[in-house]
Amino acid sequence: MKKRFLFAALIMLAISASAQVSGILGDWKTVDDKTGEKRSIVTIYKGSDGLYYGKISKMLMYADLKCEACKDEDHNAPLEGLVIIRGMKAEDGQLVGGRVLDPESGKFYYGKIYLKDGKLVLRGSLDKRGLLGRNQTWVK
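All letters in the sequence shown, in the order written, are residues 77 to 216 by the numbering used here.
Dropping the structure here:
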């Protein structure tokens, strides 16, 4: 009896975590930290490799900007269409691991994405634990 209850509880927990991750998928409006203006729409999706990605699908401001600070194949790439969230995996109802690109600086950060009060919270940090970093809140 106890084994059945434990098994059922684990199944419910897995379903709940999966539902939270599916709530992260889709289009999100990014908001400028300083001005509060909506800057772009980022589409978060699951790739064919089973990992999660996010690309700028539409610029709401400054549509012709390029990633001048980026390196390698992203250097001078248009921001619209640029993949800024790369290789994240689902874990406990969140997206973790992978990297997050800051197009303004051209730097990559460790990333974590979760939902809070119906909004998406993206944490970019210098360390894998997420201690040294900052959050951005995006809206559906």
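Note that CB positions come from ideal geometry on N, CA and C, so glycine has one too.
DSSP three-state call for E167: helix, strand or coil?
strand
Roughly how many angstroms separate the alpha carbons of G126 and A145, rounded to a whole number?
29 angstroms
Rounded to whole angstroms, what is the Cα-Cα separation between G173 and D140?
30 angstroms
Alpha carbon to alpha carbon, how far is R210 from I189?
12 angstroms
Beta strand (DSSP E) runs contained entirely in the stretch 142-199, provided each spans 3 or more residues
159-167, 170-178, 183-192
Taking G209 as part of the beta strand (DSSP E), name the residues at either end of that continuous run.
209-214
Would you mind working out which of K165, E149, G99, I100 sits nearest V159, comparing C-alpha positions?
E149
Beta-carbon gap between V97 and G169 smaller than 8 angstroms
yes
Unbroken beta strand (DSSP E) run spanning R115, endpoints:
Boundaries of the beta strand (DSSP E) around R115: 114-122.
Residue from T106, K192, T111, K110 with nearest C-alpha to I117:
T106
Consult DSSP for D203 and reduce its assignment to one of helix, strand or coil.
Coil at D203, not helix or strand.
Status (buried if at least 16 other CB within 10 Å, exposed otherwise) for Y138:
exposed
Of the choices L177, K192, K195, G163, whose alpha-carbon is the least far from that of S201?
L177
Taking T119 and G99 to be in contact with their CB atoms under 8 angstroms, please state how far apart those CB atoms are, rounded to whole angstroms.
Not really, about 14 angstroms apart at Cβ, beyond 8 angstroms.
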